[in-house]
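Quick note on this note's numbering: the sequence shown kicks off at 5 and runs consecutively. C-beta: ideal position from N, C-alpha, C; glycine also. Written out below as structure tokens is the structure these notes cover.
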Amino acid sequence: MSADPTTKLVALAGNPNTGKTTLFNQLTGSRAKVGNYPGVTVERREAALVLEPHGIVTLVDVPGTYSLCARAREEQVAIRAVAGWKPDPAPDCVVVVVDATQLSRNLYLTVQLIELDVPVVVALNMVDMLAETGERIEIAALERGLGVPVVGISALRGEGLAELRAAIARVLADPASARPGFRWRVPEGPLERDIAAVADAIPEEWTRPAQDGPPSERRRTALGLWALLSIDEHDELEDVPAALRARTLERLRGAQTSGRNLEEEVIGGRYAWIEALVARARVPATSSAASRTDRIDHVLLHPVAGFALFLLAMVFVFQSLFAGADPAVSWIESAQAWLQDQTRALLPAGLLSDLLADGVIGGVGSVIVFLPQILLLFFFIGLMEDSGYMARVAYLMDRLMSMIGLHGRAFVPMLSGFACAVPAILAVRTMERQRDRLLTMMVVPLMTCSARLPVYGLLIAALAPIDGASWWQQGGLMVAMYLFSTLIALVAAAVLGRTVLRGPKVPLILEMPPYRMPHWKSLLRSLLERARVFLSEAGTKILVCSLLMWALLYFPRPAPTQEFPDAGAPAAEQIANSYGGRLGRAIEPAIEPLGFDWRTGIGLIGAFAAREVFVSTMGVVYGIEGEADETSEPLRDRLRSERRADGTRLFTPLSCLSLMVFFAIACQCMSTLAVVRRESNSWRWPAFLFGYTLALAWLCSFAVYQGGKLLGFA
């Protein structure tokens, strides 16, 4: 955030789903994400706003929040931004965006902002949608009650923006005109004494509404209220002074001992005042007929019909991720192969040719190939967000997901993980709490993604002719792998949610937005922004990992002989003697109890670039000519006939099942780990993800193989 003292700072606050970010884009032309899902603005955005006569003003888009009371670290971002707690500079004005169709709920945040003694302007959004229901708001009555300027706007249509700019300019010129102080009266008695006791422990610098301005007693009282509703034994708040925490917990314990509920007292007092104001300002509709939103919700929120319709929608989305992205993925892969062939044709055989063709072009291709699925997934998520359906999905799924410690919003990323973990992990950023995002990221890679299918297909098909497996038995085994991975993901979520990522269970509180037509221009901007972020941030990490994997399987090169200086070792010999091959031999003692040998170990190492690379790597290891895939009969035949040193078959049904179990659990996908690094902003979590899934995969494969041997299935 800009901290230039000569530039005016305006904060844009509001509940989720109020059109706050749409207004931000309209005022500044910024390409910030526009959505209709709680917490969609995860990061704070800022942009320049030209406002006469003040010149350039910095406008900050504050994450959507229903209240300034915060117990999680990410919820503290909002109170820091509007209160101006260091290092954040204090705003010169706060524009609070209020949804006219949900007035009472939205005014709660407005009242809290006014209590903080900061200059406030109310942007009453969606007045056009309210008019469609037959209702309207008397803006003058609302303005008198709040004591701050109120401007009716339609952010989507761009209506009322000139009046809003003028109101902001007036408040910046005369801040005192928009600082009326408390609008509701704190009742005399225990609550008043609790607030006063906690307010005495508020740091002096927190009580200054303006940068380096004088302290405000009204603000001190408001922050005393904030502390009573935000601090408890389980909060995640940072930088709260020890004296303030101790004083607050002391008053909370005293209230609990006397049977009082401070939240009910404070929230009840605010809402009593708000409801009285709304009753004066609202002009009700003449018709009492159910609204369109109510009629649609009657179906979509039905516990049976709503769930069935959602599953149908998800089947369509899921199928689209496979079928819809396939042509683009095939085109990208064909273009990559053509560029690699052209590079090899133009350059003499050697290090430079291999580096450019396999390392650089192959690495870039491994990044771009994810784009079709990422864009398709976020297109459908954007449709659900902008239309208002995503909030209904979270409501429907919350009971089921909360049973295993996951948030209702985790369902869509987990289902998307069946296509690819990379876009699925990117989708978790729409969750509000860091704990929920991390827990979902730790289990999404366990879902059976499309990259595992070639491995399963090869191993199942290779066994069919020898072991007499019919087509339905093969299909049944494939379905069993899907069910197994889903079960493992659910168990992992339950365990991690109670151990490593343990935290208080937060109930899902949603305000159902009205149904709206998606804003196609904003949706397109969002998709372009997603593509840019992926290519510039996650993509660079994937490219680096691709180059490292190429080098691992390429070096050291055999020295050319004097007789045949251009001759190289056969591919199978080269990969066996590479650093990756040596590593495969080094890990053989660890993977031998799972039924694998060193050649399978090389395949596992190669699969770290992408799981499906296991198939082509095994083709190279066994000297199969041409590009081997899961349908390659020579590779299947080689797997069927491969023997150990003692003459027994290497790839038995038991060892193949053990290998499939290992692939189902281990997160040996550098792209997934790179995206987790980007989304968690730490190497700690991708390292933990890799470590715990690798350990779990080893244990499960060990149990399958050794248990099967004990039962006589070897």
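Determine the DSSP secondary structure at I141, reduced to helix, strand or coil. Residue 141 sits at position 137 when you count from the first residue of the sequence shown. I141 falls in the strand class under three-state DSSP.
Cβ of G611 within 7 Å of Cβ of F666? Counting from one through the sequence shown, the residue named residue 611 turns up at place 607. Counting from one through the sequence shown, the residue named residue 666 turns up at place 662. Note on identity: in this sequence residue 611 is Ala, with Gly being the wrong assignment. Taking 7 Å as the Cβ cut-off, A611 and F666 do not qualify as a contacting pair.
Just the Cα atoms here: how many angstroms apart are L63 and V115? Numbered from 1 along the sequence shown, position 59 holds the residue referred to as residue 63. Numbered from 1 along the sequence shown, position 111 holds the residue referred to as residue 115. A direct Cα-to-Cα measurement between L63 and V115 gives close to 21 Å.
Provide the residue(s) that pair with G18 in DSSP beta bridges, ordered along the chain. Sequence index remark: in the sequence shown, residue 18 carries index 14 (1-based). DSSP output for G18 lists V101 as bridge partner(s).
Is the Cβ-Cβ distance between A670 and L698 less than 7 Å? In the sequence shown, counting from the first residue as 1, residue 670 sits at position 666. In the sequence shown, counting from the first residue as 1, residue 698 sits at position 694. Yes. Within cutoff.
Just to confirm before moving on: does the CB-CB distance between T444 and A398 stay below 7 Å? In the sequence shown, the residue the question calls residue 444 occupies position 440. In the sequence shown, the residue the question calls residue 398 occupies position 394. Not a contact, by the Cβ cut-off of 7 Å.
Going by DSSP in three states, A611 sits in which element: helix, strand or coil? The sequence position of residue 611 within the sequence shown is 607, counting from 1. If DSSP states are grouped into helix, strand and coil, A611 belongs with coil.
The segment 593-601 contacting the segment 703-711, beta-carbon criterion three pairs below 8 Å: By the criterion of at least three beta-carbon pairs nearer than 8 Å, the segment 593-601 is in contact with the segment 703-711.
Check each candidate in A493, S645 and L387 and name the one with the smallest Cα separation from R520. Translated into the one-based positions of the sequence shown, residue 520 becomes position 516. Ranking A493, S645 and L387 by Cα distance to R520 puts L387 first.
With DSSP as the reference, identify every bridge partner of N129, one or two as the case may be. Sequence index remark: in the sequence shown, residue 129 carries index 125 (1-based). D103, per the DSSP bridge assignment.
Can you list, in chain order, the stretches of the alpha helix (DSSP H) that have 4 or more residues and sit fully within the segment 161-205? Those alpha helix (DSSP H) runs which fall completely within the segment 161-205 and span 4+ residues are 165-177 and 194-203.
Go ahead and label M252 buried or exposed: buried means 16 or more other beta carbons lie within 10 angstroms of its beta carbon, across all protein chains shown. Here residue 252 corresponds to residue number 248 of the sequence shown, with the count starting at 1. Residue 252 is actually Thr in this sequence, not Met. Buried, by the Cβ-count rule.
Skipping 5 residues on each side, what residues in its chain have a beta carbon closer than 6 Å to that of G412? Translated into positions along the sequence shown, residue 412 becomes position 408. For G412, where only same-chain residues beyond five positions count, the Cβ hits under 6 Å are A398, M401, D402, M405 and L512.
Report the residue ranges of all alpha helix (DSSP H) runs contained in full by the segment 221-246; include only those spanning at least 4 residues, in chain order. 221-234
In terms of DSSP beta bridges, what is A51 paired with? Working through the sequence shown from its first residue, we reach residue 51 at position 47. L63, per the DSSP bridge assignment.
Can you look up G734 in the DSSP assignment and give me helix, strand or coil? Not covered by the structure: residue 734. The range shown for the chain is 5 to 718.
Taking 7 Å as the CB-CB limit, is R169 close to chain D? Looking at the structure shown, chain D is missing, and only one protein chain is on hand.
For S158, count the other beta carbons within 10 Å of its own beta carbon; 16 or more makes it buried, fewer makes it exposed. Which is it? Translated into the one-based positions of the sequence shown, residue 158 becomes position 154. When all chains shown are included, S158 counts as buried.
For the structure I just gave you, are there three or more beta carbon pairs, one from the segment 180-196 and one from the segment 118-129, closer than 8 Å? Contact between the segment 180-196 and the segment 118-129 is present: 3 or more CB-CB pairs across the two stretches fall below 8 Å.
Just the C-alpha distance for S357 and Y558, rounded to the nearest angstrom, thanks. Sequence index remark: in the sequence shown, residue 357 carries index 353 (1-based). Sequence index remark: in the sequence shown, residue 558 carries index 554 (1-based). Each residue's alpha carbon lies about 12 Å from the other.
Distance check for G162 and V459, CA to CA, integer angstroms please. Working through the sequence shown from its first residue, we reach residue 459 at position 455. Working through the sequence shown from its first residue, we reach residue 162 at position 158. Roughly 53 Å between the two C-alpha positions.
Using a Cβ-Cβ cut-off of 6 Å (strictly less than) and excluding sequence neighbours within five positions of V190, which residues of its own chain qualify? Start at 1 with the first residue of the sequence shown, and residue 190 comes out as number 186. E196, listed in sequence order.
N- and C-terminal bounds of the alpha helix (DSSP H) containing L281: For the purposes of this step, residue 281 is taken as residue 277 along the sequence shown, with counting starting at 1. Where L281 is concerned, the enclosing alpha helix (DSSP H) stretches over L266 to A285.
In whole angstroms, what separates the C-alpha of R174 from that of A203? One-based indexing of the sequence shown puts residue 174 at position 170. One-based indexing of the sequence shown puts residue 203 at position 199. Approximately 32 Å between the Cα atoms of the pair.
Going by the CB atoms, is the gap between V155 and A171 shorter than 7 Å? If you number the sequence shown from 1, residue 171 lands on position 167. If you number the sequence shown from 1, residue 155 lands on position 151. Against a cut-off of 7 Å, the Cβ pair of V155 and A171 comes out as a contact.
When the Cα atoms are used, what is the spatial distance from V61 to M482? Here residue 61 refers to the residue found at position 57 of the sequence shown. Here residue 482 refers to the residue found at position 478 of the sequence shown. So the alpha carbons of these two residues sit roughly 59 Å apart.
Taking 7 Å as the cut-off, decide whether the C-beta atoms of L4 and G367 are in contact. The structure shown does not extend to residue 4, since the chain is modelled only from 5 through 718, so no value can be given for it.
With a threshold of 16 other CB atoms inside 10 Å of the CB of K525, please say whether the residue is buried or exposed. For the purposes of this step, residue 525 is taken as residue 521 along the sequence shown, with counting starting at 1. Under the 10 Å beta carbon count, K525 is surrounded by fewer than 16 other beta carbons and is classified as exposed.
Could you tell me the alpha carbon to alpha carbon distance between L457 and E616, rounded to whole angstroms? What you label residue 457 is simply residue 453 of the sequence shown in a count that begins at 1. What you label residue 616 is simply residue 612 of the sequence shown in a count that begins at 1. Linking L457 to E616 through their CA atoms gives a straight-line distance of about 8 Å.
Taking buried to mean at least 16 other C-beta atoms within 10 Å of its own C-beta, is G501 buried or exposed? Walking along the sequence shown from the start, residue 501 turns up at place 497. Buried.
Measure the alpha-carbon distance for I271 versus M394 and round it to whole angstroms. By one-based count along the sequence shown, residue 271 stands at place 267. By one-based count along the sequence shown, residue 394 stands at place 390. Approximately 28 Å, taken between the alpha carbons.
At what residue ranges does the segment 650-704 contain a whole run of the alpha helix (DSSP H), taking only runs of 4 or more? 657-669 and 674-684
Using 10 angstroms around the beta-carbon of V44, count the other beta-carbons present and answer buried if the total reaches 16, otherwise exposed. If you number the sequence shown from 1, residue 44 lands on position 40. Caution is warranted here: a pLDDT of 36 is assigned to V44, below 50, making its placement in the model unreliable, and the coordinate value is therefore given only provisionally. Label assigned to V44: buried.
In chain order, what residues of the same chain have a beta carbon less than 7 Å from the beta carbon of M130, not counting five sequence neighbours either side? Locating residue 130 in the sequence shown gives position 126, counting from the first residue. Excluding sequence neighbours, M130 sits near G23, D103, A104, T105 and S158.
Quick one: what's R647 bridged to in DSSP? To locate residue 647, count along the sequence shown from 1; it is residue 643. Partner(s): R653.
Going by other Cβ atoms of all chains shown within 10 Å of its Cβ, with 16 needed for buried, is G59 buried or exposed? One-based indexing of the sequence shown puts residue 59 at position 55. Looking at its Cβ environment, which holds fewer than 16 other Cβ atoms inside 10 Å, G59 is exposed.
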